[in-house]
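For reference, the structure discussed in these notes is given below.
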DNA sequence: CAATAAGTATAGCGAAGGCTATAAATCGGC
DNA sequence: GCCGATTTATAGCCTTCGCTATACTTATTG
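Protein chains in written order, with the UniProt record's numbering: chain A, 1 to 152; chain B, 1 to 152.
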């Protein structure tokens with residue numbers, strides 16, 4: 001009875017909503033990379049006081065020009081700044097996004113572990129999952145974790 | 001203390017594993033579309049006895065040529081067959097993949113609901129999340145759900 | 001203060017997944 | 001069985017995100 005019932009309802013009705021789900025998943029994907037880069041740049045600055053292109057590329061697992069290109073996009077979107085041959089920095093917006101992303105990541109990992117996923121697997125899967133966790137789902141995760149802590 | 005500790009460990013060590021996580025997430029993303037199409041074609045065949053390009057496109061929320069192109073890729077990958085101006089069909093591999101994907105989707109939705117995510121939100125987020133749920137995480141989800149049913 | 005090493009940017013390519021516009025094939029009704 | 005309507009395919013085109021190769025800056029060091 002889940003997704004694909006009612007073949008004799010107005011077809012636009014159920015199909016539209018399913019299409020919307022896919023459309024949303026596609027949109028999420030478009031910002032996922034930005035989120036990952038921003039979070040990582042934040043991490044690097046916190047750790048080393050600066051974020052260099054080579055480090056970003058290495059941690060993202062991409063070639064250096066790929067990282068440079070992504071940084072250009074971050075700048076276009078107002079999330080980061082950089083001067084040629086100097087480091088990369090986050091704008092206020094970028095830093096705020098990084099914080100949100102980091103918090104969400106932690107919650108997703110914690111929830112996976114809480115329902116019995118091995119820690120290593122949780123870290124691995126969370127990297128992809130987190131971007132698709134909406135505000136509502138995140139709130140539910142955090143409520144669940146709080147509840148769990150209370151009962152411990 | 002979780003992901004980005006130890007700035008003075010061999011940098012290749014921790015960075016490599018983080019890069020690996022991103023690399024894996026990227027690979028997952030590459031097959032996600034195939035999974036969605038295959039599942040949907042399976043649904044359409046189950047519902048209507050056939051999967052027509054126009055229906056696939058509508059449900060995926062894309063233009064018809066986009067669906068045609070995706071189907072071409074499915075054929076290249078050995079997951080589907082089709083004859084021009086006739087319907088689209090799944091190979092054995094495609095049908096098996098569709099079944100796996102459908103089952104995983106259901107488990108993800110069920111788990112989200114089980115931890116308190118509203119049903120509508122669960123359906124919405126699951127569409128993106130499911131592709132990143134590995135075998136190990138899926139097994140954990142199912143164990144959790146089984147446990148939950150036992151205690152009910 | 002060169003010369004070399006290291007880091008960064010630029011150029012150009014490919015694949016994937018969108019799109020619109022248009023051509024070709026099939027289907028239905030007369 | 002033909003003709004218009006519907007469906008599918010094809011032909012471009014764009015953007016994103018990978019890549020390699022190469023040019024250009026900055027840093028280092030003899």
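C-beta: ideal position from N, C-alpha, C; glycine also.
State buried or exposed for residue 37 of chain A, treating a residue as buried only when at least 16 other CB atoms are found within 10 Å of its CB. Numbered from its first residue, the first chain carries residue 37 of chain A at position 37. The residue is buried, with at least 16 neighbouring Cβ atoms inside 10 Å.
Is the shortest distance between the beta-carbon of residue 141 of chain B and the beta-carbons of chain A less than 9 Å? In the second chain, counting from the first residue as 1, residue 141 of chain B sits at position 141. Chain A, which has a Cβ nearer than 9 Å to the Cβ of residue 141 of chain B, makes this yes.
So what does DSSP say about residue 17 of chain A, is it helix, strand or coil? Residue mapping note: residue 17 of chain A aligns to position 17 of the first chain, counting from 1. Note: residue 17 of chain A maps to helix in three-state DSSP.
With C-beta atoms as the reference, is residue 34 of chain B less than 9 Å away from residue 79 of chain B? Indexing the second chain from 1 puts residue 34 of chain B at position 34. Indexing the second chain from 1 puts residue 79 of chain B at position 79. A contact, by the Cβ cut-off of 9 Å.
With C-beta atoms as the reference, is residue 49 of chain B less than 9 Å away from residue 143 of chain A? Along the second chain, read from residue 1 onward, the residue named residue 49 of chain B stands at position 49. Along the first chain, read from residue 1 onward, the residue named residue 143 of chain A stands at position 143. Cβ distance not < 9 Å, so residue 49 of chain B and residue 143 of chain A don't count as in contact.
Alpha carbon to alpha carbon, how far is residue 151 of chain B from residue 56 of chain B? Position 151 of the second chain holds residue 151 of chain B. Position 56 of the second chain holds residue 56 of chain B. About 41 Å.
If you reduce the DSSP assignment to three classes, tell me which class residue 138 of chain B lands in. The sequence position of residue 138 of chain B within the second chain is 138, counting from 1. In the structure shown, residue 138 of chain B sits in a helix (DSSP, three-state: H, G or I).
8 Å Cβ shell around residue 2 of chain A - same chain, five flanking residues per side excluded: Here the question's residue 2 of chain A lines up with position 2 in the first chain. Residue placement at residue 2 of chain A is poorly supported in this model, since its pLDDT is 35, which falls under 50; the coordinates are not used for a value here.
Does the CB of residue 78 of chain B have a neighbour CB from chain A at under 9 Å? If you number the second chain from 1, residue 78 of chain B lands on position 78. No, no contact with chain A.
So for residue 79 of chain B, helix, strand or coil by DSSP? Numbered from its first residue, the second chain carries residue 79 of chain B at position 79. Correct three-state label for residue 79 of chain B: coil.
Name the DSSP bridge partner or partners of residue 90 of chain B? Taking the second chain and counting its residues from 1, one reaches residue 90 of chain B at position 90. Paired residues: B/80.
What does DSSP give as the partner residue(s) for residue 51 of chain A in the beta ladder? The residue you call residue 51 of chain A lines up with position 51 of the first chain. Answer is A/88.
Whole angstroms are fine: how far does the CA of residue 23 of chain B sit from the CA of residue 90 of chain A? Counting from one through the first chain, the residue named residue 90 of chain A turns up at place 90. Counting from one through the second chain, the residue named residue 23 of chain B turns up at place 23. Approximately 24 Å, taken between the alpha carbons.
Can you name the residues of chain A whose CB is closer than 8 Å to the CB of residue 94 of chain B? Locating residue 94 of chain B in the second chain gives position 94, counting from the first residue. What residue 94 of chain B touches in chain A: nothing, since even the nearest Cβ is about 17 Å away.
Where does residue 133 of chain A sit, in a helix, a strand or coil, going by DSSP? In the first chain, residue 133 of chain A corresponds to position 133, counting from 1. Correct three-state label for residue 133 of chain A: coil.
Among B/100, B/19, B/69, B/63, nearest to residue 43 of chain B - alpha-carbon criterion: Here residue 43 of chain B refers to the residue found at position 43 when the second chain is read from its first residue. Ranking the options by Cα distance to residue 43 of chain B, first place goes to B/100.
Between the Cα of residue 92 of chain B and the Cα atoms of B/107, B/147, B/74, which residue gives the shortest distance? Position 92 of the second chain, counting from 1, holds the residue named residue 92 of chain B. The shortest C-alpha separation from residue 92 of chain B is found at B/74.
Using a Cβ-Cβ cut-off of less than 8 Å, give me the residues of the region 97-108 of chain B that come near chain A, in sequence order. 105, 106
Residue 151 of chain B (DSSP reduced to helix, strand or coil): The residue labelled residue 151 of chain B in the question sits at position 151 within the second chain. Coil, per DSSP.
Take the Cβ of residue 133 of chain A as the centre, count every other Cβ of all protein chains shown within 10 Å, and call the residue buried at 16 or more, exposed below. Residue mapping note: residue 133 of chain A aligns to position 133 of the first chain, counting from 1. Buried, by the Cβ-count rule.
Residue 159 of chain A and residue 122 of chain A closer than 9 Å at C-beta: Residue numbering for chain A in the displayed model covers 1 to 152; residue 159 of chain A lies beyond these limits and cannot be assessed.
Using the three-state DSSP reduction, which class does residue 115 of chain B fall into: helix, strand or coil? Taking the second chain and counting its residues from 1, the one referred to as residue 115 of chain B is at position 115. It is coil, neither helix nor strand.
Any chain B beta carbon closer than 9 Å to residue 22 of chain A: The sequence position of residue 22 of chain A within the first chain is 22, counting from 1. It does: the Cβ of residue 22 of chain A has a partner Cβ on chain B nearer than 9 Å.
Please list the partners that residue 56 of chain A has in chain B, where partner means a Cβ-to-Cβ separation under 9 Å. The residue labelled residue 56 of chain A in the question sits at position 56 within the first chain. In chain order: nothing, as chain B lies at least about 10 Å away.
Proximal chain A residues relative to residue 34 of chain B, where beta-carbon distance stays under 9 Å: In the second chain, residue 34 of chain B corresponds to position 34, counting from 1. Here the premise fails: no neighbours, minimum Cβ distance about 13 Å.
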